[in-house]
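Trainee: Take this structure, written in structure tokens, and hold onto it; I'll ask about it next.
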Amino acid sequence: MSTTTTDAVLGYDEALASYDPVMGLEVHVELGTATKMFCGCATTFGAEPNTQVCPVCLGLPGALPVVNEVAVESAIRIGLALHCDIASWCRFARKNYFYPDMPKNFQTSQYDEPIAFDGYLDVELEDGTTYRVEIERAHMEEDTGKSLHVGGSTGRIHGAEYSLVDYNRAGIPLIEIVTKPLVGAGERAPEVAKAYVGALRELLRALGVSDVKMEQGSMRCDANVSLRPKAGDPTDPRNAEQLAVPFGTRTETKNVNSLRSVERAVRYEICRHAAVLSSGGSILQETRHWHEDTGVTTSGREKSDAEDYRYFPEPDLVPVAPSAERVEELRGTLPEDPAVRRRRVQAEHGWSDLEMRDVLNAGALDLIEETIAAGGTAAGAKKWWLGEVARRANEANQPLTEYATQVGVTPGAIAELEGLVSSGRLNDKMAREVMGGVLDGEGTPTQVADARGLELVEDDDALQAAITTVIERNPDIAEKIRGGKVQAAGALIGQVMKEMKGQADAGKARSLILAALGVEG
Ligand code: ADP
Ligand code: MG
Ligand code: ZN
């Protein structure tokens, strides 16, 4: 729905001067299982509408659901990675409501018996401090289908001529991860929200349970925000006065689908709430929609805490009761904590904080590690992934890993290219040309080098001749080098390389020049 009126907002600093923000974040993650939560239908993204459906996920009478074991294991692993307790026995529940893209008219979810509860995730903030996000619960449920409203200008139902519904997504396993009310973030609340969703995404990716593509909706965040009057320093955990102030009324901004939007939406709601409250108004407990283009939220539907979904235990599914041994086995499959891993890798390669930030911003950490595992060096892997490949990915407006997969540049190929340089077959310039060929889909580095006839001239006579010419042409520089100014050799190397039209090894040219002038390298 588009609104014609614009809500009043208070400036951020002004809002924070009078109020203490409290947040609650609900994150839905679509699991990357091959089949749906309660049936054997495929889950491939982008398939023809209604081709991945069956009587169970269409809610036809008499169809019986069966729990996806891999989804339950993923849920337990997520719970463990979030330091949660795992229920030794829990059930699914029916959450009853009518929605056109939910064919059963109830969602199979979990209610008062979630699979995982009472955990936390420590998130690192930009100033180097850590904020502990307390997790209320992580529970299993299923996704809904998708409606497509045709004929209107907005893509929303208002003004549409007709609507289509695609049930391919109905029944895909979802994990909903809900935080406790987050207090004490103060002015850093928007940053905490963004950092938490980012850290959660990194963790889920490391667990390998989801492709966590926010832009495709496989990870979505609902951001609850409320304000309460500020009492002293709200970020001081011993400030009993602030802790005693009851929470204000929250709004729930739905389906925010990028990290940046999470931060902006929380910030916007703080400013909007503050304007309402400071003018004596009260906040309506409701859902809100985030508008990426205009940077505002608009009213959705009113939603009270007493909403009655007529939850009751799902009679068609057996309870989930993982044994303690199974849970411990799954704990053994957890990946290294991403933050710990980042610090370890940075120290291992001796990267500065700035270099590390570049690597992370480029999304290149895994690629670099895999390149090293394939025989490359840290410096070489970093140079190639952050250089030519990142530049091309940027041009194609694609994340690095996605671009690499698409054009077929693998960590193995990068390691191979490095090998061609270190073995002396290619120099740097030639390697760049080979890289270009690889990115253009001409094959592996060796294939490209072969096809283009790229090989350093092994002909030492030609190189030697070029060196003699260049030394004769530059008696002053030659004299300096003879006198011990070895750095001056750089100028000669450049000229030798030019004589050789780039087809020579610069390191070799250097040692031959020094030898010719009778100095030690
Ligand atoms: P709902 O059914 O409305 O989605 P949930 O319990 O699933 O309710 O999620 C509510 C979220 O909002 C939780 O993260 C919770 O911690 C948080 N929350 C609850 N009360 C407040 C409040 N007053 N201000 C901010 N967040 C809140
Ligand atoms: Mg919820
Ligand atoms: Zn199905």
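In the numbering used here, the protein residues as written are 3 to 523. Glycine residues also receive a C-beta, built at the ideal position from the N, C-alpha and C atoms.
Return yes when at least one heavy atom of the ligand ADP lies under 7 Å from the C-beta of P67, else no.
Mentor: Within the sequence shown, numbered from 1, the residue matching residue 67 stands at position 65. Incorrect: P67 has no Cβ contact closer than 7 Å to the ligand ADP.
Trainee: Any heavy atom of the ligand NAD inside 7 Å of the beta-carbon of K97?
Mentor: Questions concerning the ligand NAD fall outside what the structure shown contains, since the ligands it does hold are the ligand ADP, the ligand MG and the ligand ZN.
Trainee: Suppose contacts are defined by Cβ-Cβ distances below 8 Å. Is G147 in contact with M104 by that definition?
Mentor: Looking up residue 147 in the sequence shown gives position 145. Looking up residue 104 in the sequence shown gives position 102. Yes; because the gap between Cβ atoms is below 8 Å, this pair is in contact.
Trainee: Out of L27, Y311, D124, L202, state which residue places its alpha-carbon closest to the alpha-carbon of N98.
Mentor: Numbered from its first residue, the sequence shown carries residue 98 at position 96. Per the Cα distances, Y311.
Trainee: Count the other CB atoms within 10 Å of the CB of D442; is the residue buried (16 or more) or exposed (fewer)?
Mentor: In the sequence shown, residue 442 corresponds to position 440, counting from 1. It is exposed - the Cβ of D442 has fewer than 16 other Cβ atoms within 10 Å.
Trainee: Measuring straight from C-alpha to C-alpha, what distance separates R475 and M432?
Mentor: As a working mapping, residue 475 is identified with position 473 in the sequence shown. As a working mapping, residue 432 is identified with position 430 in the sequence shown. Roughly 27 Å separates the two Cα atoms.
Trainee: Is Y270 near G297, with beta carbons less than 8 Å apart?
Mentor: For this step, residue 270 is matched to residue 268 along the sequence shown. For this step, residue 297 is matched to residue 295 along the sequence shown. In this structure, G297 lies closer than 8 Å to Y270 by Cβ.
Trainee: How long is the line joining the alpha carbons of C92 and A36, rounded to whole angstroms?
Mentor: As a first step, residue 92 is located in the sequence shown; it is residue number 90 there, counting from the start. As a first step, residue 36 is located in the sequence shown; it is residue number 34 there, counting from the start. Taking the straight line joining both Cα atoms gives about 24 Å.
Trainee: Counting by C-beta, which residues lie closer than 6 Å to a heavy atom of the ligand ZN, in chain order?
Mentor: Having a Cβ closer than 6 Å to some heavy atom of the ligand ZN are K38, C41, C43, V55, C56, V58, C59, G173.
Trainee: So, with DSSP's three-state summary, where would you put M3?
Mentor: Taking the sequence shown and counting its residues from 1, one reaches residue 3 at position 1. With a pLDDT of 47 at M3, under the threshold of 50, the modelled position of this residue cannot be trusted; read the value that follows with caution. Here M3 sits in coil by DSSP.
Trainee: Is the distance from the Cβ of A118 to the Cβ of G61 below 8 Å?
Mentor: Position 116 of the sequence shown, counted from the first residue, corresponds to residue 118. Position 59 of the sequence shown, counted from the first residue, corresponds to residue 61. Their beta carbons are not under 8 Å apart, which means A118 does not touch G61 by this criterion.
Trainee: Please say whether A464 and M502 have beta carbons closer to each other than 8 Å?
Mentor: In the sequence shown, counting from the first residue as 1, residue 502 sits at position 500. In the sequence shown, counting from the first residue as 1, residue 464 sits at position 462. The answer is yes: Cβ separation under 8 Å.
Trainee: Between the stretch 233-240 and the stretch 196-213, do three or more beta carbon pairs fall short of 8 Å?
Mentor: Result no; under three Cβ-Cβ pairs closer than 8 Å.
Trainee: Among G34, T403, V185, S76, which one has its Cα closest to the Cα of P23?
Mentor: For the purposes of this step, residue 23 is taken as residue 21 along the sequence shown, with counting starting at 1. Comparing Cα positions, the closest option is V185.
Trainee: Rounded to whole angstroms, what is the Cα-Cα separation between T255 and D9?
Mentor: The residue labelled residue 255 in the question sits at position 253 within the sequence shown. The residue labelled residue 9 in the question sits at position 7 within the sequence shown. The straight-line gap from Cα to Cα measures roughly 15 Å.
Trainee: I'd like to know whether the C-beta atoms of P321 and G365 end up nearer to each other than 8 Å.
Mentor: As a working mapping, residue 321 is identified with position 319 in the sequence shown. As a working mapping, residue 365 is identified with position 363 in the sequence shown. Contact flag unset, no.
Trainee: Where S165 and I374 are concerned, what is the direct C-alpha to C-alpha distance, given to the nearest angstrom?
Mentor: As a first step, residue 165 is located in the sequence shown; it is residue number 163 there, counting from the start. As a first step, residue 374 is located in the sequence shown; it is residue number 372 there, counting from the start. Rounded to whole angstroms, S165 to I374 spans 51 Å at the Cα level.
Trainee: So, with DSSP's three-state summary, where would you put Q287?
Mentor: Against the sequence shown, residue 287 aligns to sequence position 285. In this structure, Q287 counts as coil in the three-state DSSP scheme.
Trainee: Express the C-alpha separation of N429 and I473 in angstroms, rounding to a whole number.
Mentor: The residue given as residue 473 occupies position 471 in the sequence shown. The residue given as residue 429 occupies position 427 in the sequence shown. So the two alpha carbons sit approximately 22 Å from each other.
Trainee: Can you tell me whether A49 is buried or exposed, with buried defined as 16 or more other CB within 10 angstroms of its CB?
Mentor: The residue you call residue 49 lines up with position 47 of the sequence shown. So A49 ends up on the exposed side.
Trainee: Who does F314 pair with in a DSSP beta bridge?
Mentor: In the sequence shown, the residue the question calls residue 314 occupies position 312. For F314, which the question treats as bridged, DSSP gives the partners R96.
Trainee: Indicate whether the contact test is met: 3 or more Cβ pairs, each with one atom in the stretch 337-350 and one in the stretch 197-208, closer than 8 Å.
Mentor: Enough Cβ pairs lie closer than 8 Å, so yes.
Trainee: Between the alpha carbons of E115 and S90, how many angstroms are there, rounded?
Mentor: In the sequence shown, residue 115 corresponds to position 113, counting from 1. In the sequence shown, residue 90 corresponds to position 88, counting from 1. If I take the Cα positions, the gap works out to 10 Å.
Trainee: Quick check on the burial criterion: 16 or more other C-beta atoms within 10 angstroms. Buried or exposed for G34?
Mentor: Taking the first residue of the sequence shown as position 1, residue 34 is located at position 32. It is buried - the Cβ of G34 has at least 16 other Cβ atoms within 10 Å.
Trainee: Take E390 and list the residues in its own chain whose beta-carbon comes closer than 8 Å to its own, dropping the five residues that flank it on each side.
Mentor: Locating residue 390 in the sequence shown gives position 388, counting from the first residue. So the qualifying residues of the chain are R434, M437, G438, L441.
Trainee: Verify whether the separation of the beta carbon atoms of V125 and Y21 is less than 8 Å.
Mentor: The sequence position of residue 125 within the sequence shown is 123, counting from 1. The sequence position of residue 21 within the sequence shown is 19, counting from 1. Not in contact: V125 and Y21 (Cβ atoms no closer than 8 Å).
Trainee: Flag this pair as touching only if the stretch 187-197 and the stretch 150-162 have three or more C-beta atom pairs under 8 Å; answer yes or no.
Mentor: Not touching, per the Cβ criterion.
Trainee: Enumerate in chain order the residues of its own chain whose CB-to-CB distance from G377 is below 6 Å, with the five nearest sequence positions on each side excluded.
Mentor: For the purposes of this step, residue 377 is taken as the residue at position 375 of the sequence shown. A417.
Trainee: Counting along the chain, where does the beta strand (DSSP E) carrying A168 start and finish?
Mentor: Here residue 168 refers to the residue found at position 166 when the sequence shown is read from its first residue. Reading off the sequence, residue 168 comes out as Asp, not Ala. Segment 164-168, the beta strand (DSSP E) holding D168.
Trainee: Would you kindly report the start and end of the unbroken alpha helix (DSSP H) that includes A415?
Mentor: On the sequence shown, position 413 is the one that residue 415 refers to. Run containing A415: 413-424, per the alpha helix (DSSP H) assignment.
Trainee: Which value, in whole angstroms, describes the spacing of the CA atoms of E330 and N396?
Mentor: Start at 1 with the first residue of the sequence shown, and residue 330 comes out as number 328. Start at 1 with the first residue of the sequence shown, and residue 396 comes out as number 394. So the alpha carbons of these two residues sit roughly 42 Å apart.
Trainee: Rounded to a whole number of angstroms, what is the C-alpha to C-alpha distance between Q505 and I495?
Mentor: Here residue 505 is taken as the residue at index 503 of the sequence shown, counted from 1. Here residue 495 is taken as the residue at index 493 of the sequence shown, counted from 1. C-alpha separation (whole angstroms): 13 Å.
Trainee: Tell me which residue opens and which closes the alpha helix (DSSP H) that S280 is part of.
Mentor: Locating residue 280 in the sequence shown gives position 278, counting from the first residue. Looking at the DSSP string, the run of the alpha helix (DSSP H) that includes S280 is 261-280.
Trainee: Using a 10 Å radius around the Cβ and a threshold of 16 neighbouring Cβ atoms, would you call A17 buried or exposed?
Mentor: If you number the sequence shown from 1, residue 17 lands on position 15. By the 10 Å Cβ count, A17 comes out buried.
Trainee: What does the alpha-carbon distance come out to for the pair V68 and G173?
Mentor: Position 66 of the sequence shown, counted from the first residue, corresponds to residue 68. Position 171 of the sequence shown, counted from the first residue, corresponds to residue 173. Using only the alpha carbons, I get a separation of about 12 Å.
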